[in-house]
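Everything on this sheet refers to the single structure shown next.
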Amino acid sequence: MALLFKKRMIEKILRGEKTRTIRPVGYYKVGRTYIIQERPGVNRGRILVLRKVPKKLGELTEEDVIPDGFSSLEEFRREWLRMYRSLDPEQPVWLYDFEVVEVFDEPSVSSRRRG
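Rendered as structure tokens:
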């Protein structure tokens, strides 16, 4: 299974500046590895999920979003609204902390998911 990230966020992941992702879905598992993708089929590396914390969107703090690669809660909210079109404070979200376990020298292209 793969996780999609914007190219600028992948660069932050590979530099160690992004160690968390906040998602509106809770199906990623602690202890599993996932391919990081720039777009479907373009694989950049592999991450290991270390921790999973459920919250509501309205409960997020600046401390929650900085490890997600954002400089402020406001910057995170702008990006969330752009991506998901809603800022419902009751929206369940999951914070996934991860570490990079493999970086591909060149982006690999595959037509199937791995996990």
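Here the sequence shown stands for residues -17 to 97, numbered as in the numbering used here.
A virtual CB, placed ideally from N, CA and C, is assigned to each residue, including glycine.
Residue i: CB within 7 Å of a non-hydrogen atom of the ligand ATP
| i | result |
| --- | --- |
| Phe(-13) | Absence of the ligand ATP from the depicted structure is noted, as is the absence of any ligand whatsoever, leaving it without description. |
DSSP-derived helix/strand/coil call for residue i
| i | result |
| --- | --- |
| Phe(-13) | coil |
Buried/exposed call for residue i, threshold 16 Cβ in 10 Å
| i | result |
| --- | --- |
| Thr43 | exposed |
| Met(-17) | exposed |
| Tyr9 | exposed |
| Lys(-12) | exposed |
| Gly40 | exposed |
| Gly155 | Residue 155 lies beyond the range of the chain shown here (-17 to 97); nothing can be said about it. |
| Asp70 | exposed |
| Met(-9) | buried |
Opposing strand residues paired with residue i [DSSP bridges]
| i | result |
| --- | --- |
| Lys2 | In the sequence under discussion, the amino acid at residue 2 is Arg, which differs from the Lys named in the question. In DSSP, Arg2 forms a bridge with Asp79. |
Continuous beta strand (DSSP E) assignments of at least 3 residues falling wholly in the stretch 4 to 91: 15 to 21, 24 to 38, 74 to 91
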